[in-house]
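Protein chains in written order, with this note's numbering: chain A, 72 to 184; chain B, 171 to 415.
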């Protein structure tokens, strides 16, 4: 793994949890669809690693699960955001905005001008 | 629970994942992970009926079992995520971090963390208990009310689950008492109805006792309804309990 892909991997790791929270913000989401969205956005390299994260978010009380009928087959587990998860997402959002602007500012060389 | 994909590649991947997960993770976590990945592959391959290329690609995208289990180990202690950031730091100089200024608004929820489903469990236990001791109203009525409050506060059940909970669990006590009263009324109706007609001339001319022919049918319908209700209630309880896991 060269250093640039290593950096990307670390950046992903840092934001993945809150991206999952954000994806469940407005509606209950089926895990498979969540994983596909994250993969399509280039946020996960190995899709399987999202499931342990979902389990931990559930254990930590940031997301909840509900069972819903599926068009075919057994009921499916859907993920929803808890009040605690919502608070965590909101705190991240605030932090992220400041962080992003700061990094943009420095990386784009505007800090020196 | 779910259909285990019969595709040999899927089967092989799941066996390897099983071996790795069981060796490295606590039992519950390993089971959850296997169930999640099995369902994922099942969905991705249309129950194993997709063509070879699709199955192969779905498995490749998952990552190796080692990778997946390593992610589970890494997240066991809350390790994958980063702690909530706060960039109130050196923002005073040059306004570099100025936008982050009014951080930490009172966005914290007033209620504490609710990692388990205490309220949901309490709702089910209280409502069922109230129904079981329905006849002892001084105790069952308060239990029932407390159960209703818990159910109203419960957040884990949404949509259909929530409707079912209110329809078949919340109604337990009143339906039980209602059917008792109904049964009592029926019993008096079933007993033959006697009417005396007195003739103006004096004396009782005739006494007719009629069996209300409609009553048995009503009884059958009520029994069927009651049984259906009990079945629906048990099914709902199972469904709701399962949703909490």
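Glycine included, C-beta positions come from ideal geometry on N, C-alpha and C.
Listed by chain order, chain A residues near residue i by CB distance under 9 Å
i, result
"residue 403 of chain B", "Under the 9 Å cutoff, chain A gives no residues; its nearest Cβ is about 18 Å from residue 403 of chain B."
"residue 412 of chain B", "138 and 146"
Euclidean distance between Cα positions of residue i and residue j
i, j, result
"residue 122 of chain A", "residue 158 of chain A", "22 Å"
"residue 199 of chain B", "residue 193 of chain B", "11 Å"
"residue 301 of chain B", "residue 356 of chain B", "22 Å"
"residue 74 of chain A", "residue 83 of chain A", "14 Å"
"residue 146 of chain A", "residue 134 of chain A", "18 Å"
"residue 393 of chain B", "residue 204 of chain B", "44 Å"
"residue 105 of chain A", "residue 181 of chain A", "36 Å"
"residue 410 of chain B", "residue 351 of chain B", "29 Å"
"residue 94 of chain A", "residue 400 of chain B", "39 Å"
"residue 186 of chain B", "residue 97 of chain A", "36 Å"
"residue 353 of chain B", "residue 346 of chain B", "11 Å"
"residue 163 of chain A", "residue 125 of chain A", "18 Å"
"residue 161 of chain A", "residue 398 of chain B", "46 Å"
"residue 405 of chain B", "residue 412 of chain B", "11 Å"
"residue 235 of chain B", "residue 119 of chain A", "8 Å"
"residue 214 of chain B", "residue 111 of chain A", "15 Å"
"residue 108 of chain A", "residue 318 of chain B", "38 Å"
"residue 330 of chain B", "residue 322 of chain B", "15 Å"
"residue 231 of chain B", "residue 206 of chain B", "15 Å"
"residue 144 of chain A", "residue 332 of chain B", "21 Å"
"residue 130 of chain A", "residue 178 of chain A", "37 Å"
"residue 433 of chain B", "residue 312 of chain B", "Only positions 171 to 415 of chain B appear in this structure, which leaves residue 433 of chain B out of reach."
"residue 415 of chain B", "residue 209 of chain B", "16 Å"
"residue 153 of chain A", "residue 168 of chain A", "22 Å"
"residue 114 of chain A", "residue 151 of chain A", "20 Å"
"residue 241 of chain B", "residue 320 of chain B", "36 Å"
"residue 175 of chain A", "residue 88 of chain A", "22 Å"
"residue 140 of chain A", "residue 212 of chain B", "16 Å"
Chain A within 8 Å of residue i, Cβ atoms only
i, result
"residue 400 of chain B", "no"
"residue 265 of chain B", "Note that residue 265 of chain B scores 38 on pLDDT, short of 50, meaning its location in the model is unreliable; the coordinates nonetheless yield the value given after this. Cβ-Cβ to chain A under 8 Å: no for residue 265 of chain B."
"residue 238 of chain B", "yes"
"residue 389 of chain B", "no"
"residue 354 of chain B", "no"
"residue 278 of chain B", "With a pLDDT of only 40 at residue 278 of chain B, under 50, the local geometry of the prediction cannot be trusted, and the value read off the model is given with reservation. Taking Cβ atoms only, chain A reaches closer than 8 Å to residue 278 of chain B, which makes this a yes."
Chain B contact residues for residue i, given Cβ-Cβ distances below 8 Å
i, result
"residue 118 of chain A", "210, 231, 232 and 233"
"residue 106 of chain A", "210"
"residue 102 of chain A", "206, 209 and 210"
Closer than 8 Å to chain B by CB, residue i
i, result
"residue 126 of chain A", "yes"
"residue 150 of chain A", "no"
"residue 76 of chain A", "no"
"residue 99 of chain A", "yes"
"residue 93 of chain A", "no"
"residue 110 of chain A", "yes"
Rounded distance between the beta-carbons of residue j and residue i, thought under 8 Å
i, j, result
"residue 137 of chain A", "residue 99 of chain A", "6 Å"
"residue 310 of chain B", "residue 316 of chain B", "The Cβ separation is near 11 Å, so there is no contact."
"residue 86 of chain A", "residue 128 of chain A", "The Cβ separation is near 14 Å, so there is no contact."
"residue 299 of chain B", "residue 324 of chain B", "With a Cβ gap of about 16 Å, residue 299 of chain B and residue 324 of chain B do not count as contacting."
"residue 180 of chain B", "residue 239 of chain B", "Their Cβ separation, rounded to whole angstroms, is 17 Å, which puts residue 180 of chain B and residue 239 of chain B out of contact at 8 Å."
"residue 327 of chain B", "residue 335 of chain B", "6 Å"
"residue 403 of chain B", "residue 342 of chain B", "7 Å"
"residue 117 of chain A", "residue 233 of chain B", "3 Å"
"residue 177 of chain B", "residue 218 of chain B", "4 Å"
"residue 165 of chain A", "residue 132 of chain A", "With a Cβ gap of about 21 Å, residue 165 of chain A and residue 132 of chain A do not count as contacting."
Listed by chain order, chain B residues near residue i by CB distance under 9 Å
i, result
"residue 174 of chain A", "Result: empty, since nearest Cβ-Cβ is about 10 Å, beyond 9 Å."
Chain A residues whose Cβ lies nearer than 7 Å to that of residue i
i, result
"residue 199 of chain B", "126"
"residue 242 of chain B", "123"
Chain B contact residues for residue i, given Cβ-Cβ distances below 7 Å
i, result
"residue 135 of chain A", "325 and 326"
* Asked: What residues in the stretch 201-231 of chain B bring their beta carbon closer than 8 Å to a beta carbon of chain A?
  -> 202, 203, 206, 207, 209, 210, 212, 213, 214, 217 and 231
Point to revise | Selection of the stretch 300-327 of chain B by Cβ proximity to chain A, strictly under 7 Å | key: 325, 326 and 327
Check: Taking a cut of 7 Å between CB atoms, which residues from the stretch 333-355 of chain B lie near chain A?
Finding: Close to chain A, meaning a Cβ-Cβ distance shorter than 7 Å, is no residue of the stretch 333-355 of chain B at all.
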